[in-house]
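Quick note on numbering: the sequence shown equals residues 0 to 393 in numbering that gives the first Met the number 0.
Using N, Cα and C, we set each Cβ at its ideal position, and we do this for glycine too.
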Amino acid sequence: MKYPKLFEPVTMRGVTFANRIQRTSMVSGLATEDGQVTEDLKRRYQREAKGGVGAIVVEAAVIIPSKSPYNLRISSDDYVPGLVDLVKAIREANKETRIGVQIMQHLKLSRSGWRQRVEDFKTEELSKIVEDHVAAAKRALTAGFDFIELHMAHAYVLSSFLSRVNKRTDGYGGSLQNRMKLPVEVYLAVRRLVGEDFPLGVRINGEDFHVSGNTLAQSSKIGVKFAELGADYISVSAGSRFEDALTPPEGSPPDPMSGYSGHRMSPWFWWPDGVHVYLAEGVRDAVRAAGFATPIITAGKIREPQHAEKILEQEKADIIGLCRALLADPDWPVKAKEGREKDLVRCVACNWCLEADSRYEKVCCARWPEGMLNSPEPFSPSMARPGQIKKEYN
Ligand SMILES: Cc1cc2nc3c(=O)[nH]c(=O)nc-3n(C[C@H](O)[C@H](O)[C@H](O)COP(=O)(O)O)c2cc1C
Numbered sequence: 000m001k002y003p004k005l006f007e008p009v010t011m012r013g014v015t016f017a018n019r020i021q022r023t024s025m026v027s028g029l030a031t032e033d034g035q036v037t038e039d040l041k042r043r044y045q046r047e048a049k050g051g052v053g054a055i056v057v058e059a060a061v062i063i064p065s066k067s068p069y070n071l072r073i074s075s076d077d078y079v080p081g082l083v084d085l086v087k088a089i090r091e092a093n094k095e096t097r098i099g100v101q102i103m104q105h106l107k108l109s110r111s112g113w114r115q116r117v118e119d120f121k122t123e124e125l126s127k128i129v130e131d132h133v134a135a136a137k138r139a140l141t142a143g144f145d146f147i148e149l150h151m152a153h154a155y156v157l158s159s160f161l162s163r164v165n166k167r168t169d170g171y172g173g174s175l176q177n178r179m180k181l182p183v184e185v186y187l188a189v190r191r192l193v194g195e196d197f198p199l200g201v202r203i204n205g206e207d208f209h210v211s212g213n214t215l216a217q218s219s220k221i222g223v224k225f226a227e228l229g230a231d232y233i234s235v236s237a238g239s240r241f242e243d244a245l246t247p248p249e250g251s252p253p254d255p256m257s258g259y260s261g262h263r264m265s266p267w268f269w270w271p272d273g274v275h276v277y278l279a280e281g282v283r284d285a286v287r288a289a290g291f292a293t294p295i296i297t298a299g300k301i302r303e304p305q306h307a308e309k310i311l312e313q314e315k316a317d318i319i320g321l322c323r324a325l326l327a328d329p330d331w332p333v334k335a336k337e338g339r340e341k342d343l344v345r346c347v348a349c350n351w352c353l354e355a356d357s358r359y360e361k362v363c364c365a366r367w368p369e370g371m372l373n374s375p376e377p378f379s380p381s382m383a384r385p386g387q388i389k390k391e392y393n
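This is the structure:
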């Protein structure tokens, strides 16, 4: 076996993941306008499961009523039958792949440029945020997911509570201790619901990448806190904050992906491979120093199996997150396992997928043959298009 670390199973609370590759959460735009599961959505995840990935985190499912179209929702029991079908479909494609869902509460936005801030929530409204996470987690359990991930990264409610931008004065903002209070309450309430035998992970930002945001100095302490509380993994992402978003065009809401912070979440081709690994390593070192063995996940432009293996070998992370690399080539895991690196269709980090939303399109990969909603099966470099690299950005 060429990549023994990458294909070493890992067990969390009795649930075994066949390898160390996790497909991190990726909004697909494949849900119906009001957030229900579709056949296209099922096919997307089935295709990825078939490629041998150890775990799939199904895209951020919205836990409160939302006006944002085509985003998967878990905000009422009406969404449960669709989610049951989704889990069944993924399991049919590969019974070994463990299936999780990321649950997320967003901050509201309006075309006038207004955006909700953590200071806008009244203290008495905070318990509703906890309850909504618990209700969503309950639906995820009913749907049959193997694990749940709490979204505490990027531009959303819980990451905004964690961030240094949170200036609330009611004990839920200001100091890091206070800023962690609501995310901790959410974690503990969801843990109470799912029990001690069910994997519950958290995704945090290793760094927010704007002047008023968190850095590794805060995120490593946040990591230690969730390790202490028994989180089953800590997935370390970065960026995608509103604070340094560019001024949007008249009549458009602010876009957290537009500024430097936004550009860091899914690093573009002008960043080196593995540009966020040091963040996972920093969180991991702090968690290990505090005496916890919690698996740490890194993601961010990891494209080569050899690179992934080295990250694990050097103990910089315990699980490799692949998002765009797996969209480009869902057979990445099986090709790596069989030593067929030359057959990999590599993500070129052009972010055609990330920008689908601004083109009012479904998320797809610019390397697939034109018009496809999934990677061909089988797929090889000779069939692939070059991607959408904008030369002027180099
Ligand atoms: C189209 C798209 C949608 C994404 N949606 C989510 C999401 O719903 N939740 C999340 O935590 N991260 C999301 N991400 C970030 C990825 O999970 C991942 O952290 C990032 O792309 C870096 O990994 P990669 O280089 O392997 O793509 C998204 C990324 C892309 C490109």
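Exercise. Should Ala54 and Gln21 be called a contact, given that it needs their Cβ atoms to be closer than 8 Å?
Worked result: With contacts defined by Cβ atoms closer than 8 Å, Ala54 and Gln21 form a contacting pair.
Problem set entry | Local conformation of Ile73 per DSSP, three classes | Per DSSP, reduced to three states, the secondary structure at Ile73 is coil, with no helix or strand assignment.
Exercise. Does ligand 1 have even one heavy atom less than 7 Å from the beta-carbon of Arg345?
Worked result: With a cut-off of 7 Å, the C-beta of Arg345 is classified as distant from ligand 1, since no heavy atom of the ligand falls inside that distance.
Problem set entry | Residues near Phe144 by beta carbon distance below 7 Å, same chain, minus five either side | Its chain contains Val86, Ile98, Gly99, Val100 as the residues whose beta carbon lies nearer than 7 Å to that of Phe144, once the 5 sequence neighbours on both sides are disregarded; these appear in chain order.
Problem set entry | Neighbourhood of Asn70 by C-beta, 7 Å cutoff - its chain only, sequence neighbours within 5 removed | Closer than 7 Å at Cβ, skipping near neighbours: Val26, Ala30, Gly34, Val61.
Exercise. Anyone know if the C-beta pair for Pro266 and Ala348 falls short of 8 Å?
Worked result: Result yes, Cβ atoms of Pro266 and Ala348 sit closer than 8 Å.
For this session: Since I believe Leu181 is in contact with Ile128 (beta carbons under 8 Å), could you give me their beta-carbon distance rounded to a whole number of angstroms?
Result: So it is a contact: roughly 7 Å between Cβ atoms.
For this session: Please find out if some non-hydrogen atom of ligand 1 comes closer than 7 Å to the beta-carbon of Met151.
Result: No, ligand 1 has no heavy atom inside 7 Å of this Cβ.
Exercise. So, helix, strand or coil for Gly200, using DSSP?
Worked result: It is a strand residue.
Exercise. Should Ala365 be labelled buried (16 or more other beta-carbon atoms within 10 Å of its own) or exposed?
Worked result: Buried is the call here.
For this session: List in chain order: all unbroken beta strand (DSSP E) runs of 3+ residues lying wholly within the stretch 305-330.
Result: Every beta strand (DSSP E) of 3 residues or more that sits fully in the stretch 305-330 is shown, in chain order, as 318-321.
Exercise. Going by beta carbon distance, what residues of the same chain come within less than 8 Å of Tyr2, once the five residues before and after it are set aside?
Worked result: Excluding sequence neighbours, Tyr2 sits near Pro304, Gln305, Ala307, Glu308, Ala335, Lys336.
For this session: Specify, as a first and last residue, the run of the alpha helix (DSSP H) that Thr141 falls within.
Result: Its alpha helix (DSSP H) spans residues 125-142.
Exercise. Counting pairs of beta carbons, one from the stretch 362-376 and one from the stretch 42-57, are three or more of them closer than 8 Å?
Worked result: The stretch 362-376 vs the stretch 42-57: in contact.
Exercise. Sorry if obvious, but does the Cβ on Lys315 come closer than 7 Å to a heavy atom of ligand 1?
Worked result: No; taking the cut-off as 7 Å, the Cβ of Lys315 has no heavy atom of ligand 1 nearer than that.
Problem set entry | Distance cut-off 7 Å: Pro271 Cβ against heavy atoms of ligand 1 | Result no, Cβ not under 7 Å from ligand 1.
For this session: Pair every Cβ in the stretch 277-296 with every Cβ in the stretch 219-227, then say whether three or more of these pairs are closer than 8 Å.
Result: In this structure the stretch 277-296 lies against the stretch 219-227, because at least three pairs of beta carbons, one per stretch, are closer than 8 Å.
For this session: May I ask you to check if the CB of Lys300 is nearer than 7 Å to at least one heavy atom of ligand 1?
Result: Proximity of the beta carbon of Lys300 to ligand 1 is indicated: a heavy atom of the ligand is located closer than 7 Å.
Problem set entry | Option in Met151, Ser159, Ser236 with minimal Cα separation from Leu321 | For the options Met151, Ser159, Ser236, the alpha carbon positioned closest to that of Leu321 is the one of Ser236.
Exercise. Considering only C-alpha positions, which residue in the set Arg190, Arg339, Leu108, Leu82 is nearest to Gly250?
Worked result: Ranked by Cα distance from Gly250, the options Arg190, Arg339, Leu108, Leu82 are led by Leu108.
Exercise. Candidates Asp196, Gly200, Val344: which alpha carbon is nearest Val183's?
Worked result: Residue Gly200 is the option with its Cα nearest to Val183.
Exercise. Could you give the C-beta distance for Lys187 and Val156, rounded to a whole number, given that I count them as a contact under 8 Å?
Worked result: The residue asked about is misnamed: residue 187 is Leu in this sequence, not Lys. Actually they do not touch by this definition, with Cβ atoms about 17 Å apart.
Problem set entry | 7 Å Cβ shell around Ser239 - same chain, five flanking residues per side excluded | If we look at Ser239 and ignore the five residues flanking it on each side, its Cβ neighbours are His153, Ala154, Pro255, Met256, Ser260, Gly261, Met264.
Exercise. The alpha helix (DSSP H) spanning Ser257 covers which residue range?
Worked result: Per DSSP, Ser257 belongs to no alpha helix (DSSP H) and is neither H nor E.
Exercise. Of all the options Pro329, Glu340, Lys361, which has the alpha carbon lying nearest to the alpha carbon of Asn93?
Worked result: Looking at Pro329, Glu340, Lys361, the one whose alpha-carbon comes closest to that of Asn93 is Pro329.
Problem set entry | Range covered by the alpha helix (DSSP H) that runs through Gln217 | Under the DSSP assignment, Gln217 falls in the alpha helix (DSSP H) whose first and last residues are 215-227.
For this session: Going by CA-CA distance only, name the one from Ala244, Val79, Tyr232 that's closest to Val36.
Result: Of the candidates Ala244, Val79, Tyr232, the one whose C-alpha sits nearest the C-alpha of Val36 is Val79.
Problem set entry | Ser174 versus Ser126 - alpha carbon distance | Going by C-alpha positions, Ser174 is about 20 Å away from Ser126.
For this session: Can you check DSSP and say which residues form a bridge with Thr15?
Result: Under DSSP, Thr15 forms a beta bridge with Thr10.
Problem set entry | Alpha-carbon to alpha-carbon, Thr15 and Val276 | Rounded to the nearest angstrom, the two C-alpha atoms are 24 Å apart.
For this session: Closer than 6 Å by C-beta to Pro68: which residues in its own chain qualify, once you throw out the five before and the five after it? Chain order, please.
Result: Excluding positions up to five away in sequence, the list reads Glu32.
For this session: Kindly indicate which residue of Leu228, Thr168, Val56, Phe120 has the alpha-carbon position closest to the one of Gly290.
Result: It is Leu228.
For this session: To the nearest angstrom, report how far apart Pro198 and Ser234 are at their CA atoms.
Result: Going from the Cα of Pro198 to the Cα of Ser234 covers about 13 Å.
Exercise. Mapping DSSP to helix, strand and coil, what is Met382?
Worked result: In this structure, DSSP gives Met382 a helical state, which the three-state scheme calls helix.
For this session: Would you kindly report the start and end of the unbroken beta strand (DSSP E) that includes Arg22?
Result: Per DSSP, Arg22 belongs to the beta strand (DSSP E) from 20-22.
Problem set entry | Beta-carbon gap between Leu343 and Val52 smaller than 8 Å | Between Leu343 and Val52, the C-beta spacing is not below 8 Å.
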